[in-house]
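*Asks:*
2 protein chains.
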Amino acid sequence: MIINLARRAHNHNWELDPITRSLLDTDFYKLLMLQFIWKHFPATSASFSLINRSTEVRLADLIDPGELREQLDNARTLRFHKSELIWLAGNTFYGRQGIFEPAFLQWLDRDFQLSEYELTTTRDGQLSLRFHGLWTATTLWEIYALSAVSELRTRAALKRLSELELDILYARAKARLWEKMDRLRGVPGLRVSDFGTRRRHSFLWQEYVVKAMSDTLGASFRGTSNTYLAYQHDLEAIGTNAHELPMALAALASTDEQRRAAQYRLLELWQQTYHGELLILLPDTFGTTQFLRGAPDWVADWTGQRADSKDPYVAGDEYITWLQQRGRDPRQKLFIASDSLDVDQILGLHAWFSGRLLNGATPADFRSAADFLDTQKWLPEPRIRFSAGWGTLLTNDFRNCNPQGDGGFNPLSLVCKLNEVDGRPAVKLSDNFNKSLGPPEEIERYRGVFGLEGIAGAPVIT
Amino acid sequence: MIINLARRAHNHNWELDPITRSLLDTDFYKLLMLQFIWKHFPATSASFSLINRSTEVRLADLIDPGELREQLDNARTLRFHKSELIWLAGNTFYGRQGIFEPAFLQWLDRDFQLSEYELTTTRDGQLSLRFHGLWTATTLWEIYALSAVSELRTRAALKRLSELELDILYARAKARLWEKMDRLRGVPGLRVSDFGTRRRHSFLWQEYVVKAMSDTLGASFRGTSNTYLAYQHDLEAIGTNAHELPMALAALASTDEQRRAAQYRLLELWQQTYHGELLILLPDTFGTTQFLRGAPDWVADWTGQRADSKDPYVAGDEYITWLQQRGRDPRQKLFIASDSLDVDQILGLHAWFSGRLLNGATPADFRSAADFLDTQKWLPEPRIRFSAGWGTLLTNDFRNCNPQGDGGFNPLSLVCKLNEVDGRPAVKLSDNFNKSLGPPEEIERYRGVFGLEGIAGAPVIT
Chain A
0 MIINLARRAH NHNWELDPIT RSLLDTDFYK LLMLQFIWKH FPATSASFSL
50 INRSTEVRLA DLIDPGELRE QLDNARTLRF HKSELIWLAG NTFYGRQGIF
100 EPAFLQWLDR DFQLSEYELT TTRDGQLSLR FHGLWTATTL WEIYALSAVS
150 ELRTRAALKR LSELELDILY ARAKARLWEK MDRLRGVPGL RVSDFGTRRR
200 HSFLWQEYVV KAMSDTLGAS FRGTSNTYLA YQHDLEAIGT NAHELPMALA
250 ALASTDEQRR AAQYRLLELW QQTYHGELLI LLPDTFGTTQ FLRGAPDWVA
300 DWTGQRADSK DPYVAGDEYI TWLQQRGRDP RQKLFIASDS LDVDQILGLH
350 AWFSGRLLNG ATPADFRSAA DFLDTQKWLP EPRIRFSAGW GTLLTNDFRN
400 CNPQGDGGFN PLSLVCKLNE VDGRPAVKLS DNFNKSLGPP EEIERYRGVF
450 GLEGIAGAPV IT
Chain B
0 MIINLARRAH NHNWELDPIT RSLLDTDFYK LLMLQFIWKH FPATSASFSL
50 INRSTEVRLA DLIDPGELRE QLDNARTLRF HKSELIWLAG NTFYGRQGIF
100 EPAFLQWLDR DFQLSEYELT TTRDGQLSLR FHGLWTATTL WEIYALSAVS
150 ELRTRAALKR LSELELDILY ARAKARLWEK MDRLRGVPGL RVSDFGTRRR
200 HSFLWQEYVV KAMSDTLGAS FRGTSNTYLA YQHDLEAIGT NAHELPMALA
250 ALASTDEQRR AAQYRLLELW QQTYHGELLI LLPDTFGTTQ FLRGAPDWVA
300 DWTGQRADSK DPYVAGDEYI TWLQQRGRDP RQKLFIASDS LDVDQILGLH
350 AWFSGRLLNG ATPADFRSAA DFLDTQKWLP EPRIRFSAGW GTLLTNDFRN
400 CNPQGDGGFN PLSLVCKLNE VDGRPAVKLS DNFNKSLGPP EEIERYRGVF
450 GLEGIAGAPV IT
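In order, the protein sequence lines correspond to chains A and B. Here numbering that gives the first Met the number 0 is used: the first residue of the first sequence is 0, the next is one more, and so on. Here numbering that gives the first Met the number 0 is used: the first residue of the second sequence is 0, the next is one more, and so on.
1. Counting only runs that start and end within the stretch 203–238 of chain A, where is the alpha helix (DSSP H) found for 4 or more residues in a row?
2. Tell me the residue span of the beta strand (DSSP E) that contains B/L356.
3. Can you tell me where the alpha helix (DSSP H) holding A/V313 begins and where it ends?
4. To the nearest angstrom, how far is it from the Cα of A/L268 to the Cα of A/I36?
5. Would you verify that the beta carbon of B/P402 is, or is not, closer than 8 Å to some beta carbon of chain A?
6. Is DSSP giving B/R258 helix, strand or coil here?
7. Taking A/W140 as the query, report the chain B residues whose CB atoms sit under 9 Å from its CB, ordered along the chain.
8. Using a 10 Å radius around the Cβ and a threshold of 16 neighbouring Cβ atoms, would you call B/A42 buried or exposed?
9. Quick check on A/L333: does DSSP put it in helix, strand or coil?
10. Please identify the residue among B/G359, B/K416 and B/I383 whose C-alpha is closest to the C-alpha of B/Q375.
11. Assuming A/T223 contacts A/D255 (C-beta within less than 8 Å), just tell me the rounded distance between them.
12. If you measure beta-carbon to beta-carbon, which residues of the stretch 404–417 of chain A are closer than 7 Å to chain B?
13. Give the list of continuous beta strand (DSSP E) stretches no shorter than 3 residues that lie fully inside the stretch 113–167 of chain A.
14. Mark B/V459 as exposed unless 16 or more other C-beta atoms lie within 10 angstroms of its C-beta, in which case mark it buried.
15. For chain B, is any of its Cβ atoms less than 8 Å away from the one on A/I18?
16. State yes or no: is the beta carbon of A/A368 nearer than 8 Å to at least one beta carbon in chain B?
17. Taking the continuous beta strand (DSSP E) assigned at A/I50, which residues delimit it?
18. At what residues does the beta strand (DSSP E) containing B/R305 begin and finish?
19. Less than 8 Å between CB atoms is the rule here; does A/R384 satisfy it with respect to chain B?
20. Considering B/S82, what are the terminal residues of the alpha helix (DSSP H) in which it resides?
21. Measuring only between beta-carbons, confirm whether A/D214 sits less than 8 Å from chain B.
22. Taking the straight line between their C-alpha atoms, what separation do you get for B/R305 and A/L228?
23. Would you mind sorting A/H131 into buried or exposed? The rule is 16 or more other CB atoms within 10 Å of its CB.
24. For the beta strand (DSSP E) containing A/N73, name the first residue and the last one.
25. Going by beta-carbon coordinates alone, are A/R154 and A/R190 separated by less than 8 Å?
26. What is the DSSP secondary structure of A/G468, counted as helix, strand or coil?
27. Any Cβ of chain B within less than 8 Å of the Cβ of A/D166?
28. With a 10 Å radius around its C-beta and 16 neighbouring C-beta atoms as the bar for buried, classify B/R197 as buried or exposed.
29. Which stretch, first to last residue, makes up the alpha helix (DSSP H) that contains A/R384?
30. Roughly how many angstroms separate the alpha carbons of B/R327 and B/A314, rounded to a whole number?
31. Here's the rule I'm using: 16 or more other beta-carbon atoms within 10 Å means buried, otherwise exposed. How should B/H349 be labelled?
32. Which chain B residues sit within Cβ distance under 8 Å of A/L163?
33. Using the Cα positions of A/N409 and A/D108, report the straight-line distance between them to the nearest angstrom.
34. Bridge partners of A/A455, per DSSP?
35. How would you write the range of the beta strand (DSSP E) that B/E419 sits in, first residue to last?
36. Name, going along the chain, the residues of the stretch 171–191 of chain B whose beta-carbon falls closer than 7 Å to a beta-carbon of chain A.
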């Protein structure tokens with residue numbers, strides 16, 4: 000056997016790879032939003048903070064704050080490579096070249112700098128991580144911070160396993176991934192994308208998963224939200240915008256009337272910025288039902304909608320009905336689900352929106368390609384173009400894979416959210432009463448402005 | 000990333016490792032039997048042939064006879080290394096040093112040579128592989144031939160898979176192996192050995208499996224029948240003798256009376272040879288029931304019994320009853336099952352022989368350590384010392400692991416059996432009517448001598 004002495008010595012002295020290998024290792028929509036912010040809000044400040052919703056996991060006990068600092072400091076030293084900027088300039092995104100303006104790319108090259116951060120640990124064992132500064136300097140932190148915390152927690156759990164246990168951990172995760180691919184493979188008309196960067200097990204695992212999807216699902220695999228993986232593996236970069244934008248615009252509004260109008264004002268600015276491309280609505284920031292009801296007619300011309308906090312069966316049907324009321328053909332539109340998806344729901348939603356279920360079949364009856372090829376169960380007859388944005392349960396499904404039996408690799412519910420814009424508190428209501436974000440008195444005020452129609456889990460007033 | 004240029008070039012020009020890496024890569028009992036043959040039958044000739052009982056698999060279509068020749072020719076060039084002979088001389092086997100005589104080891108060093116072979120393909124797509132010559136030159140072929148054919152068939156199937164599919168194949172097999180280890184781990188009093196050399200998936204996989212067992216099962220893992228793995232990994236080498244010996248002695252007998260006596264004559268010779276060690280009966284060659292009934296009293300002094308073709312629950316109970324009739328304490332004896340075992344049967348047999356089942360529990364209720372620790376189900380109260388010799392379903396359980404979905408990695412039922420001794424046909428009846436081996440007229444003759452008592456599947460004469 001030939002031994003690579005240099006590699007052995009390196010492995011012996013190893014430091015693990017940095018978690019963020021490139022500034023492209025972020026969701027593509029963050030780059031689209033950054034250009035939008037750079038263009039329209041270059042002097043606006045914005046702060047973000049990391050929140051661990053899985054409060055039963057004491058993150059600060061698992062992750063050494065010193066190691067997290069190292070990772071965050073390392074991210075701050077990164078610059079966009081020339082080759083990456085050339086790719087952003089020359090590559091085709093959503094069928095169009097030149098999505099990024101030369102002046103923006105020049106700014107990325109010369110002036111982009113991640114803000115500083117504040118990291119402390121709290122008395123209940125959590126990490127408190129905040130970013131403040133210019134919005135253009137804080138917005139990209141979201142994904143770098145989430146993926147760093149998620150992977151450091153993975154690394155801490157990996158350290159407790161023996162070599163055999165590590166091998167079994169990944170064997171189980173790969174076997175599970177293959178079962179998922181096997182169920183999706185060959186399903187006619189299916190569209191799936193990777194949306195799993197922020198809560199991934201690790202960078203290398205996400206890369207493995209994305210390559211496996213690309214190898215097995217053929218045209219059903221639409222791409223990845225991870226810009227770096229899209230760049231490295233010639234895949235489509237997927238994603239358009241997030242709640243951060245309507246939250247900021249609403250926070251900057253001076254009156255309730257302006258606040259209500261902000262959710263549509265954003266859309267106007269966005270379509271100007273992107274010349275009528277990348278038009279995916281994200282209507283749940285302050286409640287989908289009020290959003291659709293109050294929308295100007297031109298909003299129905301947008302290409303599609305992403306549902307993120309409402310039951311996607313309900314959200315899709317609501318969107319279809321609204322499009323019909325507005326005189327648009329839903330079959331020309333795109334409906335994207337992106338909240339906590341896994342195979343069962345992806346197949347069920349695909350059946351629900353892409354075909355006519357026969358003989359009393361229900362979405363739950365669709366378990367694999369065979370069910371979609373069974374003409375007794377289903378006729379392809381698209382009601383709307385459906386696409387699944389598959390996140391955490393694609394890139395971090397290690398449930399019951401740990402040979403030591405504990406939940407050390409179960410995914411955490413980590414988020415990194417906008418707190419303030421120019422000193423004003425940011426609020427998200429969402430389609431789920433319990434998922435609202437912001438100071439309680441501000442949430443109350445926003446509820447007064449936007450109402451509770453169509454919000455799940457809202458208290459019933461008798 | 001540091002690249003090992005030499006390794007890359009080597010991998011590019013690769014030839015796969017030889018399947019038989021060392022003459023020690025054989026079952027330990029073959030070496031014990033070789034010494035026995037060398038001592039008592041140095042001038043006896045014996046022929047062996049390989050039989051594929053899985054006739055639906057056309058081996059000659061899967062395996063290139065040229066590649067098989069290369070492997071067999073390579074095995075013929077192998078010699079015992081000095082270090083291996085020193086280990087055979089100096090190591091302790093079954094608690095005793097010096098099991099192998101200096102003169103035998105000298106003969107292994109200077110004069111041992113595998114016989115020539117004849118390889119042809121048959122019209123029904125099978126390989127016909129025969130070995131003839133001195134018994135001392137043919138006997139070791141059994142394991143080298145079986146493991147070579149088994150691994151070449153594996154390699155042929157591996158060639159059809161993509162890199163991802165290969166990764167998934169092994170991920171699934173490892174995940175399954177772990178489930179098996181997990182069920183056995185912590186079961187009080189359990190004894191399990193690897194008996195899987197002959198029909199293994201590959202050498203490297205057997206090595207992986209044996210190391211995993213050794214790492215996870217602690218004292219419950221008793222060792223491996225593979226001498227090379229025992230040597231390389233400081234494990235116990237397990238095994239004593241096989242059907243080949245009583246078959247040969249019976250074939251050499253001149254009268255039916257001598258033939259009946261041969262099965263006990265062998266035991267006398269064996270205990271002389273090994274000075275009263277390694278005394279494990281293998282009573283099923285011509286039927287266990289007649290063997291036990293006709294055995295001289297001193298046979299009951301042997302340490303234990305291995306059951307290979309009778310339902311092991313029945314065989315163990317029969318042995319216990321027989322020992323009691325002969326006035327021996329079964330709790331001092333060892334009962335080894337070695338026929339087609341997998342986890343369910345290992346746990347069931349362990350419960351049956353090592354404890355008292357309570358409250359209507361059955362062997363099938365014992366699924367993992369928890370069941371053995373449940374005092375409502377079981378009280379440890381050994382009826383006999385039970386040990387499991389785990390073969391094909393330990394080292395070659397790739398059923399449903401192939402990502403391409405076909406049975407290309409399912410284990411084959413390959414055997415390599417003694418045909419003739421000094422020109423006389425060899426016969427095995429076994430405890431199963433349908434598992435007899437030999438020319439039909441000879442089988443008939445043997446049945447006349449040994450009877451059919453206790454033989455499963457025998458035709459009922461009305």
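Glycine is no exception: its CB is placed at the ideal position from the N, C-alpha and C atoms.
*Replies:* If we stick to the structure as given:
1. 226–232
2. G354 to L356
3. P311 to Q324
4. 11 Å
5. yes
6. helix
7. The contacting residues do not exist; A/W140 stays about 28 Å from chain B at best.
8. exposed
9. strand
10. B/G359
11. About 40 Å separates the two Cβ atoms, so there is no contact after all.
12. none
13. 116–120 and 126–133
14. exposed
15. no
16. no
17. S44 to N51
18. G303 to A306
19. no
20. K81 to G89
21. yes
22. 57 Å
23. buried
24. Per DSSP, A/N73 belongs to no beta strand (DSSP E); it is in the alpha helix (DSSP H), P64 to T76.
25. no
26. This structure gives no information on residue 468 of chain A, because the portion of chain A shown stretches from 0 to 461.
27. yes
28. buried
29. Element bounds for A/R384: not the alpha helix (DSSP H) but the beta strand (DSSP E), R384 to W389.
30. 17 Å
31. buried
32. K210, A211, D214 and T215
33. 38 Å
34. A/N431
35. L413 to V420
36. R171, K173, A174 and W177
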